[in-house]
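>
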Amino acid sequence: MFGITVGVSACAPAGPVGLEADTIVIDVRTPEEYATGHLDGALNIDVQSPDFAAQVSQLDPEATYFIYCRSGNRSGQAMSQMANMGFGDMTNGGSVDEASATSGIPVVKN
0 MFGITVGVSA CAPAGPVGLE ADTIVIDVRT PEEYATGHLD GALNIDVQSP DFAAQVSQLD
60 PEATYFIYCR SGNRSGQAMS QMANMGFGDM TNGGSVDEAS ATSGIPVVKN
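Sequential numbering from 0 applies to the sequence shown in numbering that gives the first Met the number 0.
(1) If you measure between the beta carbons of M84 and A41, is that distance less than 9 Å?
(2) Output yes or no for whether 9 Å exceeds the beta carbon distance between S70 and S94.
(3) Ignoring anything shorter than 3 residues or poking outside the region 10 to 97, list the beta strand (DSSP E) runs there in chain order.
(4) With a cut-off of 8 Å on the beta carbons, I'd call Q54 and I44 a contact; round off their distance for me.
(5) Count the other CB atoms, across all protein chains shown, that sit within 10 Å of the CB of N109; report buried if there are 16 or more and exposed otherwise.
(6) Here's the rule: buried if 16 or more other CB atoms are within 10 angstroms of the residue's CB, otherwise exposed. What is L57?
(7) Can you give me the Cβ contacts of P105 inside the same chain, cut-off strictly under 8 Å, excluding the 5 residues immediately before and after it?
(8) Where I25 and M89 are concerned, what is the direct C-alpha to C-alpha distance, given to the nearest angstrom?
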């Protein structure tokens with residue numbers, strides 16, 4: 000899984016991505032949306048937050064990321080920003096439900 004998927008529109012992923020055990024899952028929705036249900040173990044980094052770039056800068060740009068939101072739009076925006084920061088191995092998981100179906104990770108609530 001090398002390369003970048005940037006500018007993906009709000010659509011479902013093509014199929015199972017077979018997440019590696021060390022893949023970092025990021026939910027880029029608001030904390031309020033995250034609290035209503037998120038993939039188990041997902042980090043919550045709100046792409047609309049003024050400190051999104053500061054939070055992302057703490058992550059390893061060489062790691063593998065699986066990013067999702069409500070529809071796939073904000074995750075695409077996050078991936079574009081992350082690509083500009085030197086991140087390369089990212090997959091847009093689409094919505095939380097699509098991301099769960101694709102990854103096999105269950106949705107949990109706080």
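Even for Gly, the Cβ is constructed at its ideal location relative to N, Cα and C. As the structure is a computational prediction, the values presented were derived from the model and not from experiment.
Per the coordinate set shown:
(1) no
(2) Yes, the Cβ-Cβ distance between S70 and S94 is below 9 Å.
(3) 23 to 26, 63 to 68, 88 to 94
(4) Q54 to I44, Cβ: 5 Å. Contact.
(5) exposed
(6) It should be noted that the sequence gives Gln, not Leu, for residue 57. Around the CB of Q57, fewer than 16 other CB atoms lie within 10 Å, so the residue is classed as exposed.
(7) L38, D39, S99
(8) 10 Å
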